[in-house]
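So the structure is just underneath, and the comments pick up after that.
Residue numbers (the numbering used here), protein chains in the order written: chain A, 81 to 255; chain B, 188 to 264.
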């Protein structure tokens, strides 16, 4: 990895899993942020689970548009205002045992106090069979506040990220 | 029943904490689940309705019988 990438912190869920990974008090000393995530939801509703993102503890001011591909269809979607913070999809407990989805989230100019922040994501759920999904997501956090906290959680009530799910936050400098 | 927890990482201090969810956070997750499942159900119903219209339109074309406006709309780009 380029030497402009600095690991800020990496966390792995222990036994019992976790309802979310909350990165708080993120230093403002980088240009961009990159999250690399390996996750599996405890839910077995459907064949994959939505992944939600919260910025500075809030799900508001976020809009999302994604293109997706499954084993049988392709399409595009823009979740409604009430669930607009779905950034991608993860594997769940209906998938192949111990299969984890992969997700990267890139946040540009996160520390700016002058303009809104663009967020892009590239994610895939994993399973050895039908039901996996790949998404490319473009998102906007329409606020001029600096981002100092990012929360990644499963969308379905009662779900958790399974044991060994991991989230790593990197700071990226442009020089 | 074990109360759900979340992992909070203070990126300045490097302190990682495991924190129990509040009642409000649990209630919010349940609300979000209901909204998501309702939207998914609507999308599934719409996709199934469109597929049924296409099947009907194809059968009527083969049989040479008139299509409804909704069936014709599935054939016109």
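Note that the Cβ used here is the ideal one computed from N, Cα and C, for glycine as well.
In the DSSP assignment, residue 238 (chain B) falls within the alpha helix (DSSP H) that extends over 210-250.
Chain A has a Cβ within less than 8 angstroms of the Cβ of residue 195 (chain B). The beta-carbon separation of residue 103 (chain A) and residue 196 (chain B), rounded to 5 angstroms, stays under the 8 angstroms limit for a contact. Annotation for residue 230 (chain A): 103 place their beta carbon closer than 6 angstroms to its own, counting only its chain and skipping 5 residues before and after.
Ranked by how close their Cα comes to the Cα of residue 195 (chain A), the residues A:120, A:221 and A:210 have A:221 in first place.
In this structure, residue 217 (chain A) lies near residue 167 (chain A), with their beta-carbon atoms less than 8 angstroms apart. For the pair residue 224 (chain B) and residue 217 (chain B), the Cα-to-Cα distance works out to about 11 angstroms.
Here residue 214 (chain B) is exposed, its C-beta having fewer than 16 other C-beta atoms within 10 Å. Taking C-beta separations shorter than 6 angstroms and ignoring five residues to either side along the sequence, the partners of residue 213 (chain A) in its chain run 128, 148, 150, 169 and 205, following chain order. Counted as a single uninterrupted DSSP element, the stretch harbouring residue 210 (chain A) is not any alpha helix (DSSP H), since DSSP gives it neither H nor E.
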